[in-house]
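FYI, in the UniProt record's numbering the residues of the sequence shown are 1 to 67. All C-beta atoms, glycine included, are put in the ideal place defined by N, C-alpha and C. The structure presented is a predicted model; accordingly, all values stated were derived computationally and were not measured. What follows is one structure encoded as structure tokens, with my remarks underneath.
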Amino acid sequence: MKAINRIEVVLAEKQVSGKWLANEIGRTENTVSRWCANKVQPSLENLLEIAEVLEVDIRELIRPTKL
């Protein structure tokens, strides 16, 4: 599957784990792991919550369609 989100990359840049993110946003580690692997995509609401917790612009969590 094509990578759509950059959650895993941003977590690495912020030096935090998927487990930490899961705890912060009240989701399971499995759910966050599937988002990081791009197996499933988070909803826009979840992306907003992730962006707030990681203190990044939501656009940093999504791969651009045009370079």
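Between the CA atoms of residue j and residue i - distance to the nearest angstrom
i: residue 45; j: residue 61; result: 13 angstroms
Beta-carbon proximity list for residue i, same chain, < 8 angstroms, skipping 5 on both sides
i: residue 29; result: 18, 19 and 22
i: residue 47; result: 5, 58, 61 and 62
Cβ-based neighbour list, residue i, same chain, cut-off 7 angstroms, excluding 5 preceding and 5 following
i: residue 49; result: 25
i: residue 14; result: 54
Chain-order list of residues whose beta-carbon lies under 6 angstroms from that of residue i (same chain, five-residue window excluded)
i: residue 32; result: 18, 21 and 22
i: residue 70; result: The question about residue 70 has no answer here: the residues shown for the chain are numbered 1 through 67.
Terminal residues of the alpha helix (DSSP H) in which residue i lies
i: residue 14; result: 7-14
Threshold first: 3 residues or longer. Then list the beta strand (DSSP E) segments lying entirely within the UniProt domain "HTH cro/C1-type" (21-61), N to C.
Runs found: none.
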